[in-house]
Amino acid sequence: MNPAAVLGFAGVALSLIVVPGPDWAYVLGVGARERVVFPAVGGLVVGYALLTGIVAAGIGQLVTALHGFLIGLTFLGAAYLLYLGIMTLRHPSAIDVSDATSDGSRHWRLVGKGIGVSALNPKGLLVFLAILPQFARPGGAWPMTAQLALLGGVFVALCFGFYMSLGFGARRFRMARPVAARIISRVSGMAMILVGLLLVAERVAQLAGANPV
Numbered sequence: 136m137n138p139a140a141v142l143g144f145a146g147v148a149l150s151l152i153v154v155p156g157p158d159w160a161y162v163l164g165v166g167a168r169e170r171v172v173f174p175a176v177g178g179l180v181v182g183y184a185l186l187t188g189i190v191a192a193g194i195g196q197l198v199t200a201l202h203g204f205l206i207g208l209t210f211l212g213a214a215y216l217l218y219l220g221i222m223t224l225r226h227p228s229a230i231d232v233s234d235a236t237s238d239g240s241r242h243w244r245l246v247g248k249g250i251g252v253s254a255l256n257p258k259g260l261l262v263f264l265a266i267l268p269q270f271a272r273p274g275g276a277w278p279m280t281a282q283l284a285l286l287g288g289v290f291v292a293l294c295f296g297f298y299m300s301l302g303f304g305a306r307r308f309r310m311a312r313p314v315a316a317r318i319i320s321r322v323s324g325m326a327m328i329l330v331g332l333l334l335v336a337e338r339v340a341q342l343a344g345a346n347p348v
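Residue numbers (the working numbering): 136 to 348.
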């Protein structure tokens, strides 16, 4: 596969990853509240890996053609962000640092929430359904499936590296300044609620414009 296309996609992908959004809010919230970061970030990358498989299998074009399905995903993602934001605001305090026990069920809950955030993230759907296919070349030396899988893997790797750094930065800040960490947790909760409301408002405006009275 053309290295220039891979590097070009990596640049575009990284420019989108560093822009604050649902993933940011989730990772910052977990980093400020929890003693662990890897399960949350692991959930995010699993969600994006699932999207990679969907696009590589050719289902992405079918999903894009189903306008109603995309609308439903937007509202579902917005509702999920509202739920996570409200729960974060309700429980902003950090877990006791002295508690060194590992709660496996809590870790799996973080993984599940991370999968939901990334799999329903409209920005992620935009990358996989609209941007990623533009960097694949039909008739190239690699089959389309392999090209799409590689590009999706690049996005997943960039997400993992960036969000692990972000999460551990928030975790270290939490250890040094517990009160400020609770503030970050509340801000991340409000950010998720705001993003969810904006997604609903944007979609409603689009539907109103497409169907004028």
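For each residue, glycine too, the CB sits at the ideal point set by N, CA and C.
Taking the alpha helix (DSSP H) that residue i belongs to, which residues open and close that run?
{"i": "Pro174", "result": "Phe173 to Ala191"}
{"i": "Gly259", "result": "Pro257 to Leu261"}
Can you say whether residue i is buried or exposed, counting buried as having 16 or more other CB atoms within 10 angstroms of its CB?
{"i": "Leu142", "result": "exposed"}
{"i": "Ala340", "result": "exposed"}
{"i": "Thr280", "result": "exposed"}
{"i": "Leu267", "result": "buried"}
{"i": "Ala336", "result": "exposed"}
{"i": "Trp159", "result": "buried"}
{"i": "Gln269", "result": "exposed"}
{"i": "Arg168", "result": "buried"}
{"i": "Ile318", "result": "exposed"}
{"i": "Gly207", "result": "exposed"}
{"i": "Val172", "result": "buried"}
{"i": "Val330", "result": "buried"}
{"i": "Ala265", "result": "exposed"}
{"i": "Arg306", "result": "buried"}
{"i": "Leu342", "result": "exposed"}
Run through DSSP, which three-state label would residue i get?
{"i": "Val153", "result": "coil"}
{"i": "Arg244", "result": "helix"}
{"i": "Asp272", "result": "The residue you asked about is not Asp; residue 272 is Arg in the sequence shown. Here Arg272 sits in coil by DSSP."}
{"i": "Pro278", "result": "coil"}
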